[in-house]
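Take a look at the structure set out below.
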Amino acid sequence: MELGEFGMPQAIAQRQEATVSHRVNFWGRPSGGSTVSWDYESQKWVVKRPDDGSPALHRTVRCEVCNKALHYAIHSVEATRRRQARRRAGAYAGLVVLLVSLVSLITLEDSGAIRIALTATGILVGAVLGWVSGLAAADDMGVTGHGAAWPGATKHAVELVEPRPEELPELVCALCGHREEFPWGSHYRKGFVRKQYQAAATRLENHACRRA
Numbered sequence: 010m011e012l013g014e015f016g017m018p019q020a021i022a023q024r025q026e027a028t029v030s031h032r033v034n035f036w037g038r039p040s041g042g043s044t045v046s047w048d049y050e051s052q053k054w055v056v057k058r059p060d061d062g063s064p065a066l067h068r069t070v071r072c073e074v075c076n077k078a079l080h081y082a083i084h085s086v087e088a089t090r091r092r093q094a095r096r097r098a099g100a101y102a103g104l105v106v107l108l109v110s111l112v113s114l115i116t117l118e119d120s121g122a123i124r125i126a127l128t129a130t131g132i133l134v135g136a137v138l139g140w141v142s143g144l145a146a147a148d149d150m151g152v153t154g155h156g157a158a159w160p161g162a163t164k165h166a167v168e169l170v171e172p173r174p175e176e177l178p179e180l181v182c183a184l185c186g187h188r189e190e191f192p193w194g195s196h197y198r199k200g201f202v203r204k205q206y207q208a209a210a211t212r213l214e215n216h217a218c219r220r221a
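Here the sequence shown stands for residues 10 to 221, numbered as in the working numbering.
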């Protein structure tokens with residue numbers, strides 16, 4: 010389980026620029042190694058949060074690609090930070106369960122089948138809980154609905170807009186306009202962003218250009 014690719018949680022403010030995106034491919038596009046890429050078409054959206062202590066606001070956005078009405082709940086800054094903290098706590102709890110189970114397996118004197126099965130279950134549960142909670146903590150932006158704030162290539166995705174780092178220019182083919190995306194943001198560690206950028210640059214270099 011590697012939580013190191015994520016640094017701080019996403020920066021949260023009462024008013025933020027965002028995008029609502031529609032996934033256009035049903036199957037992931039192979040992008041090197043054992044990874045796949047997903048293509049999205051995005052539209053702009055402004056997230057306006059309620060005051061701290063107020064209930065979540067419910068807003069509807071109509072997807073410009075499929076014309077579906079998307080219903081989202083928008084949480085306050087304070088509520089969003091509490092959500093992020095709970096998910097980080099879940100990630101650390103999963104890590105503790107994983108480590109305790111591993112130590113128990115190594116030092117196990119009674120090698121009965123039941124104890125081994127329970128220990129193996131603890132390892133699996135700890136790894137899954139830590140990994141999923143860590144991803145969810147990094148993705149949580151206080152907007153819920155249609156899979157938002159959970160990891161995975163959902164049909165519709167909401168992302169806060171952060172300026173792209175100046176030292177990482179866009180990766181676009183000058184001939185055919187093919188674009189390779191890469192993740193960036195305040196919640197990623199710089200080393201992870203750089204690694205993903207280099208991988209995207211390699212994909213762009215190796216893509217099948219339609220104008221070549």
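No residue lacks a Cβ here, since even glycine has one placed at the ideal position from N, Cα and C.
Values in this document were obtained by computation on a predicted structure and should not be read as measured data.
Three-state class that DSSP yields for residue i in the structure shown
i, result
"Gln19", "coil"
"Trp159", "coil"
"Thr153", "strand"
"Arg219", "coil"
"Val202", "helix"
"Val33", "coil"
"Arg91", "helix"
"Glu73", "coil"
"Ala183", "coil"
"Leu213", "helix"
"Ser110", "helix"
"Ser51", "strand"
Where residue i falls, given that 16 or more other Cβ within 10 Å makes a residue buried
i, result
"Gly200", "exposed"
"Trp36", "exposed"
"Ile21", "buried"
"Leu79", "buried"
"Asn215", "exposed"
"Thr89", "buried"
"Ile123", "exposed"
"Val56", "buried"
Spatial neighbours of residue i in its chain, beta-carbon cut-off 6 Å, leaving aside the 5 residues before and after
i, result
"Ser30", "Tyr49, Ser51, Ala166"
"Arg97", "Ala146"
Straight-line gap, residue i to residue j (C-alpha atoms, nearest Å)
i, j, result
"Glu179", "Ser46", "17 Å"
"Ser110", "Trp159", "26 Å"
"Gly103", "Ser142", "8 Å"
"Thr130", "Thr163", "28 Å"
"Trp140", "Thr116", "25 Å"
"Cys72", "Ser63", "27 Å"
"Ala100", "Glu168", "22 Å"
"Gln23", "Arg58", "5 Å"
"Ile132", "Glu118", "18 Å"
"Cys182", "Pro174", "19 Å"
"Thr153", "Ala210", "32 Å"
"Leu108", "Gly194", "30 Å"
"Gly161", "Leu144", "9 Å"
"Ala217", "Leu184", "11 Å"
Which residues DSSP lists as bridging residue i, in chain order
i, result
"Ser79", "Before going on, a small fix: residue 79 reads as Leu here, not Ser. In DSSP, Leu79 forms a bridge with Val70."
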